[in-house]
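First comes the structure, then the notes that go with it.
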Amino acid sequence: MGGKLISSDINELYRRVIIRNNLLSDLLAPSVSSDRDVVISQVKLLQEAVDILLDIGVRGEPKRDGYNKVYKSFSDIIGGKEGRFRETLLGKRVDYSGRSVIVVGPSLSLHQCGLPREIAIELFQTFLIRDLIRKHFASNTATAKRQIREHEKEPIVWEILQEVMQGHPVLLNRAPTLHRLGILAFQPILVEGRAICLHPLVCKGFNADFDGDQMAVHLPLSLEAQAEARLLMFSHINLLSPAIGDPICVPTQDMLIGLYVLTIGNRRGICANRYNPYNCKNYQNQSVDNKNDSYDTEKEPYFSSSYDALGAYRQKKIGLDSPLWLRWKLDQRVVGSSEVPIEVQYESLGASHEIYGHYLIIRSAKDEIRYIYIRTTLGHISFYREIEEAIQGFSRARI
Numbered sequence: 001m002g003g004k005l006i007s008s009d010i011n012e013l014y015r016r017v018i019i020r021n022n023l024l025s026d027l028l029a030p031s032v033s034s035d036r037d038v039v040i041s042q043v044k045l046l047q048e049a050v051d052i053l054l055d056i057g058v059r060g061e062p063k064r065d066g067y068n069k070v071y072k073s074f075s076d077i078i079g080g081k082e083g084r085f086r087e088t089l090l091g092k093r094v095d096y097s098g099r100s101v102i103v104v105g106p107s108l109s110l111h112q113c114g115l116p117r118e119i120a121i122e123l124f125q126t127f128l129i130r131d132l133i134r135k136h137f138a139s140n141t142a143t144a145k146r147q148i149r150e151h152e153k154e155p156i157v158w159e160i161l162q163e164v165m166q167g168h169p170v171l172l173n174r175a176p177t178l179h180r181l182g183i184l185a186f187q188p189i190l191v192e193g194r195a196i197c198l199h200p201l202v203c204k205g206f207n208a209d210f211d212g213d214q215m216a217v218h219l220p221l222s223l224e225a226q227a228e229a230r231l232l233m234f235s236h237i238n239l240l241s242p243a244i245g246d247p248i249c250v251p252t253q254d255m256l257i258g259l260y261v262l263t264i265g266n267r268r269g270i271c272a273n274r275y276n277p278y279n280c281k282n283y284q285n286q287s288v289d290n291k292n293d294s295y296d297t298e299k300e301p302y303f304s305s306s307y308d309a310l311g312a313y314r315q316k317k318i319g320l321d322s323p324l325w326l327r328w329k330l331d332q333r334v335v336g337s338s339e340v341p342i343e344v345q346y347e348s349l350g351a352s353h354e355i356y357g358h359y360l361i362i363r364s365a366k367d368e369i370r371y372i373y374i375r376t377t378l379g380h381i382s383f384y385r386e387i388e389e390a391i392q393g394f395s396r397a398r399i
């Protein structure tokens, strides 16, 4: 290069070993009478050259070339992140894999992950080509690949991709994988954008957060690998730490704040509203006057189902912490309690309203229970619905 001879550091270190070995051979020749101390000194120099060849820093100050650059020994070449093993031999591209930044996906189920369309169409391309040909949407591999390249114009590609993804779990891994929960299986869901969406409750096992962390996605190919992923590696069946048995999927940070906001209202029952008129609000969340001689339940809205309450919230007729009355299924644990009603109101036809701290019983003229209303807030309703859906989903998964 430019008329100069460039040599590898290993060659220079080898040259030093060869030169010192040749000198030692000359000293040990039968025709040469060498002093014993000189031979011992030359043996030490040869051993030093061999040690430097294997590890440049084993002899204290590392050896440098004419440009004051430290030589690289065998240990420097094969060790470390940029060494021969990790960079050249182990650092190869893995087929059927991808990598992207993770973002939060709060609408996902615990066993789901959001996979960007760009990654999904590359990961499942082989299966996509097979199904396009099998279902006679393409006559050969070349035609199928052309349809995949023009996927924006071919909606059938996305439909078949959805079908393919339903039967194939994917593995998500975040380096470094220090324990078993560092790589888990998920059911992929197509999402917009270029980031992988992850449920926030599974972050603890990966030791991940949403400040730019990247995760790798791998596609198990064989039936054995897919069965292992479904039976052993799915995130919703790895809820406990394998080391100490503590729960892994626990709410933290923003989730705790959200739960607090949902359940902060309606803590003291109607007594607080009865003796504090500023706490009693009407349908539009406006303060109303309230007399101390009776409690006016008409100032708070009644709903026959949680769907009606959610609809009123979307129409901005009630707030998240607005007190409301929700019709509840007949529960003997509520009816049979020894709590004394705060107030009993009678209608002209004989029906009565028994008002308790957190619920209301409407009886007919024959003293039969017609309805039970509980006094709650929309936040409590939303929280209860999520818990109920989670329990039902878990029960279906076990069956």
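Residue numbering for the sequence shown follows UniProt numbering, beginning at 1 and increasing consecutively. Ideal Cβ placement from N, Cα and C applies to all residues, glycine included.
Segment contact: the region 198-216 against the region 127-135, fewer than three CB-CB distances shorter than 8 Å; contact not assigned. Judged by DSSP in its simplified three-state form, N173 adopts strand.
Y373 and V340 have their alpha carbons spaced roughly 16 Å apart.
When C-alpha distances from V217 are compared across D246, H236, I102, the shortest belongs to I102. Rounded to the nearest angstrom, the Cβ distance from A185 to M233 is 4 Å, consistent with a contact under 8 Å.
Taking all protein chains in view, the Cβ of S73 is crowded by 16 or more other Cβ atoms within 10 Å, so the residue is classified as buried. Check the Cα spacing between A225 and each of P169, H199, L178: the tightest is with P169. Take L326, set aside five residues on each side of it, and the residues of its chain with a beta-carbon closer than 7 Å to its own are F303, S306, A309, Y373, I374, T376, I381, in chain order. Between R117 and L190, the CB-CB gap stays under 7 Å. Y71 sits away from L5, with the two beta carbons spaced by 7 Å or more. Check the Cα spacing between R314 and each of Y346, G379, Q345: the tightest is with G379.
DSSP places S222 outside both helix and strand once states are collapsed to three, so it counts as coil. In the assembly as shown, E159 is an exposed residue. Its beta-carbon has fewer than 16 other beta-carbons within 10 Å. Sequence-distant Cβ neighbours of R385 in its own chain, meaning closer than 7 Å and more than five residues away, are S306. Per DSSP, the unbroken alpha helix (DSSP H) holding P155 starts and ends at 155-166. Two segments are said to touch when three or more pairs of C-beta atoms, one from each, lie closer than 8 Å; by this definition the region 82-89 does not touch the region 109-125. Of the candidates E354, H199, R15, H199 places its Cα closest to the Cα of T252. In the three-state DSSP reduction, C249 falls in the coil class, being neither helix nor strand. CA-CA distance, I248 to S241, rounds to 6 Å.
If you keep only unbroken beta strand (DSSP E) runs of at least 3 residues inside the region 21-48, you get nothing at all. Between I318 and V261, the alpha-carbon positions lie close to 15 Å from each other. Assigned with DSSP and collapsed to three states, Y313 falls in helix. I257 and S364 have their alpha carbons spaced roughly 43 Å apart.
Check the Cα spacing between L24 and each of S8, Q42, L90: the tightest is with Q42. Pairing S107 with A195 gives a Cβ-Cβ distance that is not under 7 Å. One alpha carbon belongs to L89, the other to G79, and they sit about 12 Å apart. A direct Cα-Cα distance of roughly 47 Å separates C203 from I362. Comparing alpha-carbon positions, the option among D55, A138, L320 lying closest to F383 turns out to be L320. The continuous beta strand (DSSP E) containing V104 extends over residues 97-104. Fully enclosed alpha helix (DSSP H) runs of no fewer than 4 residues occupy 203-206, 223-228 of the region 187-239, in order along the chain. Boundaries of the alpha helix (DSSP H) around I129: 125-134. Leaving aside the five residues that flank V164 on each side, the residues in its chain whose CB is nearer than 8 Å to its CB run, in chain order, F124, F127, L128, D131. The residue among E300, G350, Y359 with its C-alpha nearest the C-alpha of K329 is Y359. In terms of Cβ geometry, L45 and S34 do not form a close pair [threshold 7 Å].
Annotation for S139: I133 place their beta carbon closer than 8 Å to its own, counting only its chain and skipping 5 residues before and after.
DSSP lists L190 as the bridge partner or partners of L115.
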